[in-house]
Structures are given as C-alpha cells and as structure tokens.
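Please read the structure below before turning to the comments.
Number of protein chains: 2
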Amino acid sequence: MSKPIKLAILGLGTVGTGVVHLINDNLNELKRRSGRDIIITEVGTRRQRDDIDSSITQNADLMTVASSDNVDIVIELIGGTTLAKDVIMHAIKNGKHVVTANKALLAEHGNEIFALAEANGVHVAYEAAVAGGIPIIKVMREALAANRVDWLAGIINGTGNFIMTEMRDKGRPFDDVLAEAQALGYAEADPTFDVEGIDAAHKLALLASIAFGIPLQFDKVYCEGITGITLQDVNYAEELGYRIKHLGFAVRRTGEQDNAGQGNADEDNAGIELRVHPTLIPQDALLANVNGVKNAVLVNSHPLGQTLYCGDGAGAGATASAVMADVMDLVRVLGSNDDSNSANNSQYVPHLAFIPEQLSDTTILRAEQMTTGYYLRVHAFDHPGVLADITRILSDAGINIDAILQKPAHKLGQVPVIILTLPVVESQMNVAIEKIEQLESITDKVVRIRLDELS
Amino acid sequence: MSKPIKLAILGLGTVGTGVVHLINDNLNELKRRSGRDIIITEVGTRRQRDDIDSSITQNADLMTVASSDNVDIVIELIGGTTLAKDVIMHAIKNGKHVVTANKALLAEHGNEIFALAEANGVHVAYEAAVAGGIPIIKVMREALAANRVDWLAGIINGTGNFIMTEMRDKGRPFDDVLAEAQALGYAEADPTFDVEGIDAAHKLALLASIAFGIPLQFDKVYCEGITGITLQDVNYAEELGYRIKHLGFAVRRTGEQDNAGQGNADEDNAGIELRVHPTLIPQDALLANVNGVKNAVLVNSHPLGQTLYCGDGAGAGATASAVMADVMDLVRVLGSNDDSNSANNSQYVPHLAFIPEQLSDTTILRAEQMTTGYYLRVHAFDHPGVLADITRILSDAGINIDAILQKPAHKLGQVPVIILTLPVVESQMNVAIEKIEQLESITDKVVRIRLDELS
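Taken in sequence, the protein lines are chains S and D. Going by our numbering, the first residue of the first sequence is number 2, and it counts up by one from there. Going by our numbering, the first residue of the second sequence is number 2, and it counts up by one from there.
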C-alpha cells in the first residue's frame, strides 16, 4: 500500500467534527475504495479538544497548519470570508490542495482563489459548498460534461424550504415557522442569509458558473427572499394547482426564445438570468414535493433532458460526505503522482467546469430583462368592469393570461383577483402593474410572485 | 491545444447515432470543457451510411476498428453478449479504453472484462449501462465514495414504470398498456426482458457491486416481473396509501437488523439481498411519484442519508450523454499522459468502485432469507371467524400486521381481505401463507406483493 494521505481539518465545529466521525466510522470503506490510508494529521482549532485522537496535532494557529509539511490536503471548515480566505490562499501558495464548504467565500472570491490554485498546480474542491450532500458539483462538472445546460432550478436553502413546507402543510404564518426553525437549529439567530435569499444566491452563483462556463458573478444575482410570502398566497397557489417554493434559477436565453409575449418583447434580453426568488411551480412536479429541509436541483440540458438530484442540503453527515468525496477524488490524483503533491492541471476537472481561458463573458441580464410567468394578486372594489380593465391592460402590454381566479367579495366589498400569466419580460410586467395600480377600483399594491412551469 | 482524442463508435443504431449527433451539436462545449478536440475517426457499421461525415472511416469489420491505430477509445453500442464481448476483449488487449452501454454483457461477464482491463492498464466505463442518462454510476463510485451504503432502491426499467404508471393513472389493464408501450417503441416486440424484470436485474447486479464492493453476481438476483400485477391490487394499494412500483433493491443486512419479526426470525440472514420485484411504497415518497418512462434511484448511505437521482432511463439523447460523460473522464486521464494511451490503474476509479483485491465475498441471501414487508390479498368466504383465523396464523408465525382492509362481500359471498405486514423473513411468510391457504374458508391462492417503507 502506498504512503498515507495526510489531511488537516481547519475548524472543529459541527461539520469538522462530522468529518472526523466519518473517517472513524468508514475507515475500512475508505481504504477498500482508495487503496490508501487516509489520516488526519493536524487540526486547526481555537480551543484544545480532548475528544480528538492524541496522534493528531492540534494547533490554534491555522496558518501554520495550512502550510505544514505533514499535510497533503487542507480542509477549510471555519467559514466566513476573511480568515478563511487568508488561510486558503496560504495553503495554495504552499502547494496544498484545498477542500472547502465555504459557499460565501467562493461566490465572492472564487475567481481569485481558483486562479491562484491553477497557477500553483493544485486544486480547490467545493462539493460541500452547494446543496450539502447532494453531489451537484460533481454532476454538473463531470456527469453533464457532454451536455449544453439550458437552465437549472434548485431548492438550495433548507431553512427556506422548511419554512415554505410548514406554511403550506400546516397553515402556519411565516414568523411562527421561522421561530420554530430557529429553535430547531435550522435557522441562525440572524436569519437574514437564509430568508432573504443571500445563501441561495451564493450557491446559485456557483451553479451558474459551472453550468454555463462563466466567471463567478455573485453581485449580479437577482435576489428576493421569502419574507413577503403570506399564507393567503400559499393557499391561492394551491387552489390553482401550484406550490410556492424558494428557488434559484440560472437560465440561458437566446434572442428567439424570449418572445414569450406577443411580439413587442424587449429584444435586448439574450444572455443569462441569475435569480433567486419565491416561485409558483406545478404541484405535481417532483421539485414541488421536495419538502422540509431537503434540497434538490433540477437541471435541463441537451441532449440529456431533465434530471433531478435530491437529498440533505445541510447537517454534519451530509456535509462530511461531500467533503470526503472531494478528498477521495484528490487521493486518486495524488496516487498517480506519488513522488510529488502537485500534478499538471489537466488531471483536474477545471474549477468552473470549463478550462479557464474558455470562460465566457456572456451578458448577465438585469432584473427588468428577465422572462418569467407571474402570479398576480390584485385587490379591487367589486365594481362592474374592473376585471375587464385589468385584463385589457395586460393584453395591451402583450401579456397572456393563463388563469384567473376571482374570489368572493370580502366584507368590505373588496375582491381579490388572482391572475396567472404566461412568461413575459419583467419590464413589460412593470408597466402593466403600474397601470393597474392607477385604476380607481384598485385598493392596494399588486402582489406579484414569479411562476415557472419547469417545462 | 493537445492532440485530438480519437473515438471509434461500434454500432450506429439509435444510441450510436445519438452520440454522433451529440458530438456535432455540442462540439464547442466539449472543447471548452476539455481543452481538446474530440473526434470520431472510425465507425463500425454493417451497412455503409451516407449520413456520416466523409472524414470518418466506415468499416463493417468491428474487430479491425476495435484495434485500429487511429483510435484511443472504443465505444461499444452493438448490444448482445457474444460479438460485443469479443470486440471489447479485443479492444482491451490492444490497449484501447472502452465505453459501453451494455448492461447485459457487464452483468454477465463484467468480472472477466474488468480483470482483463486492469491487467492491460485500460478502463472500461459504463455509465450508460444503468438508468440511461442518470449519472448513477459516477454518483455511487465517486460522489458517495466516503459513505457506507446501507441500501438502494431503484426504478431502473422505463418500460415497466410506464406500464405501472398507466395502470394506476388510467385504470388500464396490463396487457392493454403493454401493447401501447410496444406501439410507442418503449417495449420490444419480445417484452420478456422488461416485464419479467431481467433488464432491471442486470442493472441491479451492477449497482449492488459498486454499492457494497462485491463481484458481479447476476445469477443470484431474485427476479420477479410485473406480469402478475392486477388493477385490483393497484387500486387496493392506493386505498391504503401506497403505490406499486417495479423496483430493484440491494440491501445490506446485519444479524441484528433482521429480527423484524418477533424473535423467532431466521438467524441465518446476515448478508446482501439482491432483488427485483413489484413493491408497494408510500404514495408520498418521491420515488412513488417518478412516473412514465422515467428512472430514479434512491440510495441510503451513512453518513449522507437518503439521496435520490431521477431522469430519463433510455433514449438516444440520455444514453449519448452518459456515454460522452465517460469519454470526458477518460480524456482527462489521457490528457495527463500525453505520450501514452495507458495510465497506471490508480488514476481510474476502480471498475467496481472498490479496488479489485478488496472486493468481498459477502453472502448473497436466498429469497427465503430476505426480509420485507408484505401486501397480502386473501379471498375468503364471508364466514364468522375467518379474519380471526388469518390473523392468528400470522401472529403465531411472528408476523406483525400493520393494516387490514376488509372489502364488502362479492356477489358470490366472498370477501377480499387485504393485509399489510411489517418486515418479515420470507421463510416465515411462506409458512404462514401455506397455513392460510389450508383454511376451509379460503377460496383461492393468497396474492402477495412485497412492501417497503423506504425509511
């Protein structure tokens, strides 16, 4: 048997401890698969831990661990975008391979980190950064390598999915479910990253880059959270055969595809849509039935068609599984270069799936240029002609109506009118909604939620 | 750019032609990802084709193509287990890598083929052999490489799933749907391989080997098809909250797990269950909602938990996607050994996920040793005490009843009694059923279908 592969784990929180446990639990499987001993030689931890095997060096100085001669692969699990970045850059400069679960760091600084790794002939692997234990990075970079990805849609934030699931299944309001999610440890004390969609946007930026071969562009992701979703809309959606999920979308638009409206669509909308928002999807879609904290990603590619990947998007076990899958890939490369830790870059799958010089500068569309269906909830006084006014405005704006649901009048004489539209460019919808809100009979702002048939 | 990678395609049927189209359609994507030109230099085809680019050599002699100096990777798409085997062995002996979609060949002769490849320092890739475009081979061998697989359950025959879906959705009988499936081209003129479960058993043998690290043992797969499923059972299952799907299961049993009965369970049932059969699963499981010709595989592993992979299990595009994903993996290895076509074996993922000397001879359980829940349909004359007799027999055999549904009497005075049981070793169930069938009030053979909660 060849010499052992030596790992350093930086950060012994939930996930770091999960990795230690995985290696203990599955030592035999790892050896049977890789033919190598895989051992933890060093851990970086602020406080000394007495539950760690005494053969492992503990060190509070992460930089020292990251460049230790006794380490082949550095596993970064401290999180954050400052120290984590310094440590990873230091490890790369010292010829170490890196495995990280840090989606925020990669979404914001990945272009720089990957370039440094390529210059140093090492690899930064990040399966655990997106959708936890679901191997979506491997699938997109390798299994779909012969495909042209047209679009993907993913439930990529477990907390958000838990909240949407509970609201629908139990008729509980948003605030109530959020409080429970915090009590259960699904949501942070400051839930902003989850409920405002920022965490999902980090992951979407990564998925979009490996789908289309574009640099990471987190700042261009349109990001809308679930804080505005009411039970009323959850229920109307169900009544119409849809379900509201918080989804991340990466969509490639060509000029032709986009004339979803009636001919007067904005022609300036060829490019890529990166967006994270609540979305009505058909109830019978598998994605609509991925519940609780589960994650799932649906990919539509040519010539494969639609494939779906579903599993736990967080947690110690799922994340450790993804971290160690990356390690096992690196072990294979290290095994074939036994004399040296560094290989030539062609042995690695390119960081962003496409070779660096082939990344393209395809336009990322602005929100107003994006094309989606819409759910509209309009509150109107129950006057004759109000429905005719609304539908005329939509029709004049080139917007096709797919379904209308007019509910009985409230006690105040107001009727909620629910309208589902076919796909339309947002700028057209903005104009129409402004006009609808100017109608005399309209009593409130129009509520709008995007809609996608996933077809 | 490095020298091009040269492919030979043997067989230009639906899938072979699909590969040609994929390479034409996605030439730019393939190059952007791999940094290499990937070209077809030769095709093996019985009759000359005039729709093939004139730069490609066409040859009816497959053996010549398989050993051509102008070929790096041989893609075998002729099917069958005789000529296909000869051609693959010949290619391997001539130092060619092989990509194949041939599940029957690998399930029956894979051990021999993989050993020859290992001896020759080449790789035989077979993503397309199981579940078409779903990258389940890559997922199991690589993405789950740090996990211990406990069990997997898969819808791995599209024709069977189409038939089961139509029976349930439209209340159509088996024969009627089969005839339509044949007309649509989903089922062969001789549908035996699909409806008797043989095709699924081929795929299950492959999945089980890479899940547990055992040699291929197709001959030990318990195999039951869908020809005996009636609309009556489909409907009773629905009434009880279940759905009947044709599934392949690979399950690792330890001694302790198996005392699902009440203590008198057979102790001789530690080992691996390989089985393909109709199965009741909960209606709300995602797997139960994978419909039509779609395939899906659910894997339960430690520490990851359950993950699900779903997509098209057949068809030119899906299969070509899988074939070319294998090619892209090989391109990466070839790229790092530019002077030679052969690499050292440690660069490849082992054929059966575990290194050959680590494959284990774990016992494969006989059918009577397998543990599952059961759906029983018993027809009895509506005499007082018959239900008491049946439940006493089950109880005496250590079988726990999970649900009972007694339907109103037929006009002949017979009542169908539907019983769902908790998991029990088959040998115990055999004894109980024999006793039930000896009861005077019982009018017919007991119908039994296995049941799994997927939990």
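Ideal Cβ placement from N, Cα and C applies to all residues, glycine included.
With a minimum length of 4 residues, the unbroken runs of alpha helix (DSSP H) contained wholly in the region 341 to 411 of chain S fall at 387 to 397. Within the region 304 to 321 of chain D, those residues whose Cβ lies closer than 7 Å to any Cβ of chain S are, in chain order, Pro304, Leu305, Gly306, Gln307, Thr308, Leu309, Tyr310, Cys311, Gly312, Asp313, Gly318, Ala319 and Ala321. Between arginine 378/S and aspartate 176/S a beta carbon distance of about 20 Å is seen, past the 8 Å cut, so the two are scored as non-contacting. Shortest Cα-Cα distance from alanine 188/S to any of Ile419/S, Ser55/S and Ile164/S involves Ile164/S. Counting along the chain, serine 442/D sits inside no alpha helix (DSSP H), nor does DSSP assign it H or E at all. In the assembly as shown, glutamate 30/D is a buried residue. Its beta-carbon has 16 or more other beta-carbons within 10 Å. For glutamine 359/D, the residues of chain S that pass the 7 Å Cβ criterion are Arg33, in the order they occur in the chain.
Sequence-distant Cβ neighbours of valine 447/D in its own chain, meaning closer than 8 Å and more than five residues away, are Leu377, Arg378, Val379, Ile434, Ile437 and Glu438. Leaving aside the five residues that flank threonine 18/D on each side, the residues in its chain whose CB is nearer than 8 Å to its CB run, in chain order, Ala317. Cβ contact annotation for alanine 61/D (same chain, cutoff 6 Å, sequence separation greater than five): Arg47, in chain order.
Restricting attention to Asp453/S, Thr101/S, Gly186/S and Val425/S, the CA atom closest to the CA of aspartate 285/S is found in Asp453/S. Measuring C-alpha to C-alpha distances from methionine 371/S to each of Met90/S, Leu275/S and Glu128/S identifies Leu275/S as the nearest. Residues of the same chain with a CB within less than 6 Å of the CB of leucine 305/D, apart from the 5 flanking positions on each side, are Asn148 in chain order. DSSP, reduced to helix, strand and coil, places leucine 84/D within a helical segment of the structure shown.
Apart from the 5 residues on each side of it in sequence, arginine 173/S sits with its Cβ closer than 6 Å to the Cβ of Glu167 in its chain, given in chain order.
For the region 156 to 186 of chain S, no residue has a beta-carbon sitting nearer than 8 Å to a beta-carbon of chain D.
By the beta-carbon neighbour count (other beta carbons within 10 angstroms, threshold 16), histidine 203/S is buried. Within the region 125 to 159 of chain S, those residues whose Cβ lies closer than 8 Å to any Cβ of chain D are, in chain order, Glu128, Gly134, Ile135, Pro136, Lys139, Val140, Glu143, Ala144, Leu145, Ala146, Ala147, Asn148 and Arg149.
By the CB criterion at 7 Å, isoleucine 40/D and proline 5/D fall inside the cutoff.
For alanine 154/S, there is no enclosing alpha helix (DSSP H); the residue is found in the beta strand (DSSP E) stretching over 149 to 156. If you look at aspartate 313/D, you'll find it isn't in any alpha helix (DSSP H); it sits in the beta strand (DSSP E) that goes 306 to 313.
Under the criterion of beta carbons closer than 8 Å, leucine 8/D and valine 334/D do not qualify as touching, at roughly 15 Å.
DSSP places isoleucine 199/S in no beta strand (DSSP E) but in the uninterrupted alpha helix (DSSP H) bounded by 199 to 213.
With respect to the C-alpha of valine 291/S, the residue from Ser302/S, Lys171/S, Thr193/S and Gly314/S having the closest C-alpha is Gly314/S. For valine 291/S, no alpha helix (DSSP H) run applies, since DSSP gives it neither H nor E. Per DSSP, the unbroken alpha helix (DSSP H) holding arginine 33/S starts and ends at 28 to 35. Distance from the CA of alanine 154/S to the CA of glycine 80/D, rounded to the nearest whole angstrom, comes to 36 Å. Per the DSSP secondary-structure output, glutamate 181/S pairs with nothing in a beta bridge.
Take lysine 32/D, set aside five residues on each side of it, and the residues of its chain with a beta-carbon closer than 7 Å to its own are Asp38, in chain order. Sequence-distant Cβ neighbours of alanine 238/S in its own chain, meaning closer than 7 Å and more than five residues away, are Arg244, Ile245, Leu281 and Tyr376.
The Cβ atoms of valine 196/D and isoleucine 157/D lie no closer than 7 Å to each other. Residue environment analysis places histidine 384/S among the exposed positions, since fewer than 16 neighbouring C-beta atoms fall within 10 angstroms of its C-beta.
Closest in alpha carbon position to asparagine 236/S, among Ile419/S, Ser56/S and Leu440/S, is Ile419/S.
When 7 Å is used as the limit between beta carbons, glutamate 30/S is near these residues of chain D: Arg149, in chain order. From the beta-carbon of phenylalanine 355/D, the residues of chain S found nearer than 7 Å are Arg33 and Arg34. Looking at the backbone, the Cα of alanine 102/D and that of threonine 15/D are separated by about 12 Å.
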